[in-house]
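Straight run, no breaks: the sequence shown in my numbering ends on number 547.
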Amino acid sequence: MTGKVCAKCRIELRPKRNGIIAIEMADFGPYKIWYADAWVCPQCYSKVVLGFASRPAYELYQPEFADALALARQEPDTIEFWMDQKQKELARH
Ligand SMILES: [Zn+2]
455 MTGKVCAKCR IELRPKRNGI IAIEMADFGP YKIWYADAWV CPQCYSKVVL GFASRPAYEL
515 YQPEFADALA LARQEPDTIE FWMDQKQKEL ARH
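And the structure:
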């Protein structure tokens, strides 16, 4: 068993893909690029991103960041996320 369960459906999550890219966003835009794993509930199709690497692959201050970001955004499984709802709302304005 995977040790990952959908609380709503009470069924185990399935691995969707290992090694997806997760872009950590700040109110000013993209901030860090992480590798992580995507899991999906086979019943409700909720997707969760877990198993982040211990360090980001790229950070904004690095010269390679812009190129890495452009490549990451071409990947269909890449997600963008915020630390909390407030940051996410600030980013919209
Ligand atoms: Zn579910």
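Positions of the beta carbon are idealized from the N, C-alpha and C atoms, including for glycine.
- In this structure, the alpha-carbon of LEU514 lies about 24 Å from that of VAL502.
- Judged by DSSP in its simplified three-state form, LYS462 adopts coil rather than helix or strand.
- When distances are taken from the beta-carbon of LYS542 to the heavy atoms of ligand 1, even the shortest one reaches 7 Å or more.
- Between LEU504 and ASP491 a beta carbon distance of about 6 Å is seen, short of the 8 Å cut, so the two are scored as contacting.
- In the three-state reduction of the DSSP assignment, ALA507 falls in the coil class.
- Beta-bridge pairing by DSSP links GLY473 to no other residue.
- The bridge partners DSSP lists for LYS486 are GLU478, GLU513.
- Where GLU534 is concerned, the enclosing beta strand (DSSP E) starts and stops at 533-536.
- With respect to CYS495, ILE465 sits close: the two C-beta atoms are nearer than 8 Å.
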